[in-house]
Amino acid sequence: MDDLSKVYKASFAASSFFFFCVGIVLDVISSTNLPNFYNEINKEE
């Protein structure tokens, strides 16, 4: 295995790890139950 294929393999592994972690973070954010203050802040009086 030459050096360039090692670089490609490491780059693919790093990208996969990054997007896997981003997916976990987005899943946790979407599953949190946050109160909705949007209507209280933007009330039309």
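Take the sequence shown: its letters are residues 52 to 96, numbered as in the numbering used here.
Yeah, the Cβ is synthetic: ideal placement off N, Cα and C, and Gly gets one too.
Keep in mind the model is a prediction, meaning the values are calculated, not measured.
Three-state secondary structure assigned by DSSP to residue i
i   : result
D54 : helix
L77 : helix
N90 : helix
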